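Only one structure is covered here, and it is reproduced in the block below.
Numbering (my numbering), first residue to last: 19 to 203.
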């Protein structure tokens with residue numbers, strides 16, 4: 019993944035860390051939206067959100083998800099499926115403190131996915147919080163933090179002529195290594 023991700027960055031693609039996150043209710047009703055990858059390592063792929071949002075609630079009740087990257091200019095797609103869990107509060111705090119101040123305040127302003135009467139309501143909340151936290155650090159809201167998708171499968175797709183695309187499916191093994199299978203296009 020690192021090689022392809024670094025190549026997407028080097029190609030100066032817009033938002034190379036943008037990914038589709040698919041979740042589902044306990045009844046299996048699917049939902050998908052774009053989120054931004056903020057970190058990845060051998061443990062998995064990390065994004066941040068409001069835990070009380072629609073996606074947050076779905077992941078807390080049904081902790082399975084899928085993410086997909088589509089880098090059209092490179093004719094590449096990466097699909098990743100797996101279990102999703104909250105990152106540690108310390109990890110959420112570290113990332114929150116690295117965010118621009120207005121983004122920190124925005125995390126307090128927005129009751130994500132809830133109906134709001136108007137944009138003016140949001141702007142009034144933001145104005146109030148700017149005064150409240152003037153010259154003070156903004157703490158992380160308790161309902162805001164990260165999730166890590168722990169991959170159970172990663173598929174790399176590379177477009178090729180004649181639609182004979184390359185598809186390689188990686189699955190983790192108990193010992194930390196991966197099996198690799200070529201799939202028909």
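Think of the CB as a built atom: it goes at the ideal place given N, C-alpha and C, for glycine as much as any other residue. Please read these numbers as outputs of a predicted model, since none were measured by experiment.
- Leaving aside the five residues that flank residue 161 on each side, the residues in its chain whose CB is nearer than 7 Å to its CB run, in chain order, 68, 69 and 70.
- Between the stretch 37 to 53 and the stretch 83 to 93, the count of C-beta pairs closer than 8 Å reaches three or more; the two stretches touch.
- Here residue 166 really is in contact with residue 105; their C-beta atoms are around 5 Å apart, less than 8 Å.
- In this chain, residue 186 is not harboured by any alpha helix (DSSP H); it is covered by the beta strand (DSSP E) spanning 184 to 190.
- Bounds of the beta strand (DSSP E) holding residue 65 are 62 to 68.
- The C-beta distance from residue 190 to residue 203 rounds to 24 Å, too long to meet the 8 Å contact threshold.
- For residue 104, the pairing in a beta bridge is given by DSSP as 165.
- Straight-line measurement puts the Cα of residue 151 at about 13 Å from the Cα of residue 159.
- Contact between the stretch 136 to 151 and the stretch 115 to 123 is present: three or more C-beta pairs spanning the two stretches fall below 8 Å.
- If you look at residue 83, you'll find it in the beta strand (DSSP E) that goes 82 to 89.
- Sixteen is the threshold: since fewer than 16 other Cβ atoms of the shown chains lie within 10 Å of the Cβ of residue 30, the residue is exposed.
- In terms of CA proximity to residue 23, 174 leads the group 182, 73 and 174.
- Counting along the chain, the unbroken alpha helix (DSSP H) around residue 24 starts and ends at 20 to 28.
- One Cα belongs to residue 140, the other to residue 131, and the distance between them is close to 13 Å.
- Rounded to whole angstroms, the separation of the alpha carbons of residue 184 and residue 54 is 26 Å.
- The residue from 63, 178, 81 and 137 with its alpha-carbon nearest to that of residue 98 is 63.
- In summary, residue 44 is exposed, with fewer than 16 beta-carbon neighbours lying within 10 Å of its beta-carbon over all protein chains present.
- Residue range 196 to 200 is occupied by the beta strand (DSSP E) that includes residue 199.
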